Ligand code: BTN
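Residue numbers (the numbering used here): 6 to 295.
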């Protein structure tokens, strides 16, 4: 891959030629700039867009991250994609689908990165994509029609592809990285997107054909949080620190609490359904500069 083609704008024609999927990406919207591809995909969902519709932007003016954070989305360098999944689970499986969609999507993105770049990303629970200790990508999954039997899930994927380290805002420089910064050369975003869609479609099909136990196993193998000392900040200023021990069947993280702002929690197992954790070993290493 020459550096010149890696920096070409993404086109519908090139993406369509690279696709190996049946549904995902067969309806494709590539825009120069939008506020957020997730918002664009949600609007398309409301207009009846088909399952597997993908929205890609070269830049986002208000890229959104999890927990209300901003997602840095400069023009032409990275991947900003949102995928609309609207297959209807059985009523008894709706909540399991909503819990697992972000996790299986994170596994798909990590696997695609590995196939395309030979780098080996890990997952920080629930769905941060790390290379070493730095974040290279993240997912923001949003659903609409959650009360109904036919929820629409938007899988928003941001991967830092061709940004060099010094192009990150200063506050992100020690926390974030890109595929190019890790490998020392740029990558073709079209090939990466096509691989992400293939890997995601595999797992989307597997979930709906009832083989999600494999996905849980695959997630655990990739997850660098399990077995780590972690800290979680809970509501109302409460916090816990302890060992992340395992994943529950609904994708929640079990933490054996060693210390907490609430003394009654010490020694108990807290099941974290949502939110974020800090890996304490890497936080301590960063403090010490190791
Ligand atoms: C996170 O780690 O906080 C999630 C980041 C998700 C960013 C992507 S970029 C494409 C899509 N559109 C958005 O506004 N956000 C997601």
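Note that CB positions come from ideal geometry on N, CA and C, so glycine has one too. All values reported here derive from a predicted model rather than from experimental measurement.
Residue nearest to residue i in terms of C-alpha spacing, selected from the options
i: residue 90; options: 66, 179, 60 and 81; result: 60
i: residue 230; options: 277, 87 and 14; result: 277
i: residue 65; options: 83, 143 and 222; result: 83
i: residue 227; options: 38, 112 and 39; result: 112
i: residue 31; options: 214, 54, 58 and 248; result: 58
i: residue 167; options: 178, 120 and 184; result: 184
i: residue 28; options: 103, 56 and 17; result: 56
i: residue 85; options: 39, 124, 118 and 115; result: 39
i: residue 102; options: 197, 164, 211 and 16; result: 211
i: residue 16; options: 225, 81 and 163; result: 81
i: residue 214; options: 14, 74 and 98; result: 98
Neighbourhood of residue i by C-beta distance below 7 Å, restricted to the same chain and skipping five residues each side
i: residue 174; result: 77
i: residue 43; result: 69, 87, 145, 147, 159 and 161
i: residue 19; result: 195
i: residue 295; result: Low confidence applies to residue 295: its pLDDT is 42, below 50, so where it sits in the model is not reliable enough to give any reading.
i: residue 253; result: 259 and 276
i: residue 115; result: 126, 128, 134 and 227
i: residue 267; result: 243
i: residue 62; result: 36, 38, 39, 42 and 85
i: residue 100; result: none
Residues of its chain near residue i, where Cβ-Cβ distance is below 6 Å and the 5 sequence neighbours each way are ignored
i: residue 93; result: 155
i: residue 199; result: 23 and 24
i: residue 12; result: none
i: residue 293; result: Interpretation of residue 293 is limited by its pLDDT of 49, a score under 50 that renders its predicted location unreliable; the figure taken from the coordinates is listed afterwards. For residue 293, where only same-chain residues beyond five positions count, there are no Cβ hits under 6 Å.
i: residue 132; result: 107, 111 and 144
i: residue 6; result: Residue placement at residue 6 is poorly supported in this model, since its pLDDT is 48, which falls under 50; the coordinates are not used for a value here.
i: residue 250; result: 259 and 261
Residue span of the alpha helix (DSSP H) that contains residue i, given as start and end
i: residue 195; result: 194 to 213
i: residue 263; result: Taken as a continuous stretch (DSSP letters only), residue 263 belongs to no alpha helix (DSSP H), being part of the beta strand (DSSP E) at 258 to 265.
i: residue 117; result: 99 to 122
i: residue 45; result: 42 to 51
i: residue 158; result: Note, residue 158: premise wrong, no alpha helix (DSSP H); beta strand (DSSP E) at 157 to 164.
i: residue 36; result: Run containing residue 36: none in the alpha helix (DSSP H); it sits in the beta strand (DSSP E), 33 to 39.
Other residues of its chain near residue i: CB distance less than 8 Å, five sequence neighbours each side excluded
i: residue 72; result: 280 and 281
i: residue 285; result: 233, 234, 235, 236 and 246
i: residue 135; result: 126, 127, 128, 129, 141 and 229
i: residue 170; result: 178, 182, 183 and 186
i: residue 248; result: 232, 233, 234, 235, 260, 261 and 263
i: residue 34; result: 45, 49, 58, 59, 60 and 61
i: residue 300; result: The requested residue 300 is not part of the displayed model; the chain covers only 6 to 295.
Segment limits, beta strand (DSSP E) that includes residue i
i: residue 60; result: 59 to 65
i: residue 149; result: 139 to 149
i: residue 249; result: 244 to 252
i: residue 84; result: 84 to 90
Cβ contact check for the stretch 238 to 249 and the stretch 218 to 225: 3 or more pairs under 8 Å: no
Given 8 Å, three or more beta-carbon pairs between the stretch 44 to 57 and the stretch 246 to 257: no
Stretch-stretch touch, CB-based, cutoff 8 Å, three pairs: the stretch 202 to 209 with the stretch 23 to 37: The stretch 202 to 209 vs the stretch 23 to 37: in contact.
Given 8 Å, three or more beta-carbon pairs between the stretch 189 to 196 and the stretch 105 to 113: no
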